[in-house]
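Visitor:
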Amino acid sequence: MMTELILEKQDLTYLSWSRIRNSSGTAGSFLKSYSELGGRKIYYKLSNFDNIRGVIGHECVNELIADRLLNILGIDHLHYQLIHADVVINETRFETYLCASEDFKQPGENKVALDVYYENERQNGETPLDFCIRNGWSEYIYQMFLVDYLILNRDRHGANIEVLRNSGRKSIRLAPLFDHGLSLLFHCLSDASVNAFDVMEDRRVNTYIGSRSVWENLHLIPVEKYPRVSPLRVEDKTVIMEGLDNIIPANLQNRIWEMIWKRWCTYEDFRCSR
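Just so we're aligned: the sequence shown equals residues 18 to 291 in our numbering.
#1: Are the beta-carbon atoms belonging to tyrosine 166 and leucine 235 less than 8 Å from one another?
#2: Compute the beta-carbon to beta-carbon distance between phenylalanine 195 and histidine 94, rounded to the nearest angstrom, for a pair I have assumed lies under 8 Å.
#3: Tell whether a beta-carbon distance below 8 Å holds between leucine 169 and isoleucine 226.
#4: What is the rounded straight-line gap between the Cα of valine 164 and the Cα of methionine 217?
#5: With a 10 Å radius around its C-beta and 16 neighbouring C-beta atoms as the bar for buried, classify serine 188 as buried or exposed.
#6: Would DSSP call lysine 26 helix, strand or coil?
#7: If contacts are defined as beta-carbon pairs under 8 Å, then tyrosine 60 and serine 118 qualify, I think. What distance do you get, rounded to the angstrom?
#8: Below 8 Å between beta carbons: does that hold for serine 230 and arginine 221?
#9: Spatial neighbours of aspartate 286 within its chain, please: CB distance less than 7 Å, with the 5 preceding and 5 following residues excluded, ordered by chain position.
#10: From isoleucine 257 to tryptophan 274, what distance separates their C-alpha atoms?
#11: Could you tell me the alpha carbon to alpha carbon distance between tyrosine 134 and asparagine 268, rounded to whole angstroms?
#12: With DSSP as the reference, identify every bridge partner of alanine 102, one or two as the case may be.
#13: At a cut-off of 7 Å, would you count valine 133 as near the ligand GDP, judging by its Cβ distance to the nearest heavy atom?
#14: Rounded to the nearest angstrom, what separates glutamate 25 and asparagine 88 at their Cα positions?
#15: Whether or not the segment 172–190 and the segment 98–116 are in contact is what I'm after, with contact meaning three or more pairs of Cβ atoms, one per stretch, closer than 8 Å; do they touch?
#16: According to DSSP, is tyrosine 51 helix, strand or coil?
#17: Just to confirm the assignment, what range does the beta strand (DSSP E) spanning tyrosine 61 have?
#18: Straight-line CA distance for proline 277 to leucine 199?
#19: Can you tell which of Phe214, Val105, Asn183 and Leu29 has the C-alpha that lies nearest to the C-alpha of proline 124?
#20: Leucine 63 to isoleucine 178, Cα distance in whole Å?
This is how it looks when you write it as structure tokens:
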């Protein structure tokens, strides 16, 4: 596993960035890049960027926070590295924090977005959830419902879940959970917006499986199928926020933890009451 946090500034000005539309409805876009070093393919992405203000979001920090949370819960996922770096975009140099991840495909595997695979392979009248259950992916989906509730993931669209196929081995699996940046308080860029944010609000989200409510999706999990995860504890705040003091403000850290912890406690109450 890569070192999860690199605070010493790196020179990544050699990377070329391509624009990915921001599907969250906010101004700006997300830029992505990749490199191949020593036979390893590394993918990079920036937080929200616009041409006037530069890199303005903290979605990359959210990726590391979600990574650490899933480590604690024991849920399989793609690991992210948060890197302090200089980058060049449109011939302008920026100092920022970006995130990196390794290619999760194994040799011989090809990937396809779940929504595309579903459209090609579904049975008549079968919903995406029914389709995943029929393919033996219910545990994965129920874990995803839990994670997306805890962090209020706004963007679990059909291409943010990928199917990995190996025709030679005749194997098929879902990729580890990935892409959690549009979550938590991602759009809060001031103390006022951080303080005003309702961490328990059930906001409408962009989800491909289930409903557009992360809370309602918890109700889709059968009682006997609740994810078996390691419990979250109050002291885990230290682990989740380690090293972030000079990257995001303390007030934002505290509100993010409040959100995760309150949602965890609500989930536990919900699970035990059914």
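Don't be surprised by glycine CBs; every beta carbon is placed ideally from N, CA and C.
Guide: Straight from the coordinates:
#1: yes
#2: 7 Å
#3: no
#4: 14 Å
#5: exposed
#6: strand
#7: 5 Å
#8: yes
#9: none
#10: 8 Å
#11: 42 Å
#12: Gln27 and Thr113
#13: This structure lacks the ligand GDP, and indeed carries no ligand of any kind.
#14: 24 Å
#15: no
#16: strand
#17: 57–62
#18: This sequence places isoleucine at residue 277; proline is not what is there. Cα to Cα, the separation comes out at about 15 Å.
#19: Asn183
#20: 20 Å
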